[in-house]
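Notes to accompany the following structure.
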Ligand SMILES: [Zn+2]
């Protein structure tokens, strides 16, 4: 049987797109600009969803009643990322980044954000964390920069 050569090819991919954020996320972004984390309540199951959604996925009901959540919560899950994707290319990070899922006090869903101020070796679920906003907010998801341990 003939031996086949293996060819490695690399194609860098870039995805750039715009989309309308919709009513719920629009209001959430306005909240972030004012350094507040807003959630919305489902009138049927009474769950507080953050980031807010216009419909409750469990009840298929339009959400109502906005609430301002305390910027503190508990780390429920996390992963440590050692790579990043830039222009479709996977690169090693200079230092690993912790990506966590946080259950804010009074919320019933999880918010995904970077966790800073603790090393990947020390981080653990159950950690109490608080939100840290950018100094100059712009009404984008990046306004909520990261969470860090409550001291
Ligand atoms: Zn519901």
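Residue numbers (this note's numbering): 1 to 151.
The beta carbon of each residue, even a glycine, is placed where N, CA and C say it ideally should be.
These numbers were taken from a predicted model, which means no experiment stands behind them.
(request) Enumerate in chain order the residues of its own chain whose CB-to-CB distance from residue 101 is below 8 Å, with the five nearest sequence positions on each side excluded. (result) So the list reads 75, 76, 77, 78, 110, 111, 112, once near-sequence residues are dropped.
(request) Kindly indicate the opening and closing residues of the alpha helix (DSSP H) around residue 33. (result) In the DSSP assignment, residue 33 falls within the unbroken alpha helix (DSSP H) covering 22-33.
(message) Less than 8 Å between the beta carbons of residue 35 and residue 133, yes or no?
(response) The answer is yes: Cβ separation under 8 Å.
(message) Just to confirm my understanding: we take residue 118, look at its own chain, exclude 5 residues before and 5 after, and list those with CB closer than 6 Å. What are they?
(response) Excluding its 5 nearest sequence neighbours in each direction, residue 118 has C-beta neighbours in its own chain below 6 Å: 149, listed in chain order.
(request) For residue 92, write down the residues that DSSP places opposite it in a beta bridge. (result) Note: residue 92 sits in a beta bridge opposite 83.
(request) Report the rounded CA-to-CA distance for residue 105 versus residue 138, giving the unit in angstroms. (result) If you draw a straight line from the Cα of residue 105 to the Cα of residue 138, it is about 25 Å long.
(request) Starting from residue 146, follow the beta strand (DSSP E) in both directions and report where the run begins and ends. (result) First-last of the beta strand (DSSP E) with residue 146: 144-149.
(request) Under 8 Å Cβ to Cβ from residue 108, same chain only, skipping five residues before and after it: list those, please. (result) The beta carbon of residue 108 sits closer than 8 Å to those of 47, 48, 49, all from its chain and outside the five residues before and after it, given in chain order.
(message) Can you tell me whether residue 146 is buried or exposed? The criterion is at least 16 other CB atoms within 10 Å of its CB, across all chains shown.
(response) Buried, because 16 or more other Cβ atoms sit within 10 Å of the Cβ of residue 146.
(request) Return yes when the C-beta of residue 65 is under 7 Å from any heavy atom of ligand 1, and no when it is not. (result) Within the chosen limit of 7 Å, ligand 1 does not reach the beta carbon of residue 65 with any heavy atom.
(request) Specify, as a first and last residue, the run of the beta strand (DSSP E) that residue 133 falls within. (result) Start and end: 128-133.
(message) Could you check if residue 153 belongs to the surroundings of ligand 1, using beta carbon to heavy atom distance under 7 Å?
(response) Limits of the chain in this structure are 1 at one end and 151 at the other, which puts residue 153 out of reach.
(request) With residue 67 as the anchor, note down where its beta strand (DSSP E) starts and where it stops. (result) Residue 67: member of the beta strand (DSSP E) spanning 64-69, first to last residue.
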